[in-house]
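In what follows, a single structure is set out as structure tokens and then discussed.
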Amino acid sequence: MENILDKFKLDGKVAWVTGASYGLGLAYATAFAQAGAKIVFNDINQELVDKGLAAYKERGIEVYGAVCDVTDEDAVAKFVADVTEKFGGIDILVNNAGIIKRIPMIEMTKKQWDQVISVDLTGPFVCSKAVLPGMIKKGSGKIINACSMMSELGRETVSAYAAAKGGLKMLTRNICSEYGQYNIQCNAIGPGYIATPQTAPLRKRQADGSMAPFDRFIRSKTPAQRWGTTEDLMGLAVFLASPASDFINGQVVYIDGGITAYIGQDPSQLDESKFAQVREDDTVTVGDK
């Protein structure tokens, strides 16, 4: 009988993580590399690609990186063809690349709306469409979409982002519906609030030593009463990319400390003395926080 831990290995697999020069993409790719996968990534310009190459080198991870706009169908097709020629195809795709524009809906232009929808929803469609034929031919494949709590919850100033992520949730289910018969699984990860240097100002103590209002608000809405860390995200990513998840399809899993399941409590009732120090991780950024 096969050891259950062997089902979580990614040895011999090629994983493409879009927009993985930094942030969550870098964290997912690092986790896949630790599980044995070959990593390929893209980003929108050479400066970001070079930044990613340096970050992976620092971590001792060999990667292939190239400039590719996920909204450009021809560029994506060329990237996939290049990777297929070099490494034999793509086994795992993480549609991680994304943007957000925090603008009240009545002030947002159609151009701004279109840009968010194009990157956050059309991009995953274009990239998934490009890798699916190869996965069908192999008879297996994993697609992981970067959803968000905004796939389920509304919030002021993020109408385009929430619409895109809600659409991405349904694209996840539809890829499952159309291509599950080929042993292809498409699932999604919905991160919660992650402690990073980028979100540090939201948690910074006030001059009188009291908790920052937004920090208190998030903890009051989260049963875990803390912010997430990189390690909270990496395990699920490996699981969804591995044979261990072969009968899981069309699902969105929220790594949010329970926030999407909880109505919350009165922020003034929080007992700050029980809170552990939040460790920040500079390898992660969360676009919608």
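When you line the sequence shown up against the working numbering, it's residues 4 to 292, in that order. Cβ coordinates follow ideal geometry from the N, Cα and C atoms, glycine included. Note that the structure is a prediction, hence the values are computed from the model and not measured.
For the pair Y164 and A203, the Cα-to-Cα distance works out to about 22 Å. The Cβ-Cβ distance between S143 and N186 falls below 8 Å.
For the region 74-101, the continuous beta strand (DSSP E) assignments of 3+ residues that do not extend past its boundaries occur at 95-98, in sequence order. Here the C-alpha atom of S180 lies approximately 33 Å from the C-alpha atom of P226. In the structure shown, Y25 falls within a coil segment according to DSSP collapsed to helix, strand and coil. Between I42 and A18 the beta-carbon gap is near 6 Å, inside 8 Å, which marks them as a contact.
Membership of Y182 in the alpha helix (DSSP H) is indicated by the continuous run 162-182. Taking 8 Å as the upper bound for CB-CB distance, G68 and F44 are in contact here, some 5 Å apart. Bridge pairing for Q188: K145 [DSSP]. Under DSSP, F128 shares a beta bridge with no residue.
Exposure of I109 is indicated by the presence of fewer than 16 other C-beta atoms within 10 angstroms of its C-beta.
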